[in-house]
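**Q** Mind having a look at this structure? Questions to follow.
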Amino acid sequence: STTGKPILLNNIADAEAFTSGAEVAVIGFFQVCSQHSAVNWQFTLPERTAVTVGLFACLQVDSERRDLDMNDRDVDAEKLTRFVRMNELRLVTEYNPVTAIGVMQSSLEFNLLLITDKMSPKHPERMRKFRTAAELYKGKILFILLDSNLKTNERVLSYFQLKKSQLPALAIFHTPDDEHVVLTVDDISIERVQDFCNNFLQ
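So the numbering used here is basically just the index in the sequence shown, starting at one, shifted up by 400.
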């Protein structure tokens, strides 16, 4: 939930309302169900006060579902947290070594990267426009933020043959065949992002 505390879902309507209100929703099923046991399982996982039937993450961005293998008796709070982080695909997902796994597993075949310096004073406004554009392509294109300051992202800049002096830049990528187009821009606008996406999709 938005408060960070687990809530009890009593029926399908509750579950639909819960998942529709979040970009990433994690749901667990228990054979012995109580609010207390769910709290213990999520935050401390002592000695399994409830028998867990299943756990999955619902992703609004691509309408996909990811399942955690609950047959592994070694599932603990750390592994649960990693599972959520790996599958944390949002309207705009920040690319890093952990979220890269979820990005690669997404069913969406088109990725749009905003490659930029997060430390720039212009970053908040760029993100606002990029996120607004992402709303228009939900379920079609996965929007990704890539911070050029991270050393782990240098290989991505190299792949797209970009230098930091050329940023910000947009890069759209078709995953099945690696086809991609790169556009260096002075600044980001919703209209420019739309034109770039529409031209590539055609």
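Note that CB positions come from ideal geometry on N, CA and C, so glycine has one too.
Leaving out five residues before and five after L567 in sequence, what residues of the same chain have Cβ atoms less than 8 Å from its Cβ?
**A** Close CB contacts of L567 within its chain, under the 8 Å cut and outside five residues either way in sequence, are with I515, T516, D517, S548, T584 (chain order).
**Q** How about L513 and F573: do their beta carbons lie closer than 9 Å?
**A** Yes, the Cβ-Cβ distance between L513 and F573 is below 9 Å.
**Q** Measure from the alpha carbon of A533 to the alpha carbon of each residue in F600, E591, A413, D414, then state which is nearest.
**A** Closest by alpha carbon: E591.
**Q** Evaluate H436 with the Cβ neighbour count: other Cβ atoms within 10 Å of its Cβ, from every protein chain shown; 16 or more gives buried, anything less gives exposed.
**A** Interpretation of H436 is limited by its pLDDT of 43, a score under 50 that renders its predicted location unreliable; no figure is taken from the coordinates.
**Q** For F543 and F530, which I take to be in contact (beta-carbon distance under 8 Å), what is that distance rounded to the nearest angstrom?
**A** 7 Å
**Q** Looking at C-alpha atoms only, which residue of P524, R490, D587 is the closest neighbour of Y537?
**A** R490
**Q** Can you give the Cα-Cα distance for P576 and R526, rounded to whole angstroms?
**A** Taking C-alpha positions only, P576 is separated from R526 by approximately 28 Å.
**Q** Determine the DSSP secondary structure at N511, reduced to helix, strand or coil.
**A** strand
**Q** Is V582 helix, strand or coil by DSSP?
**A** strand
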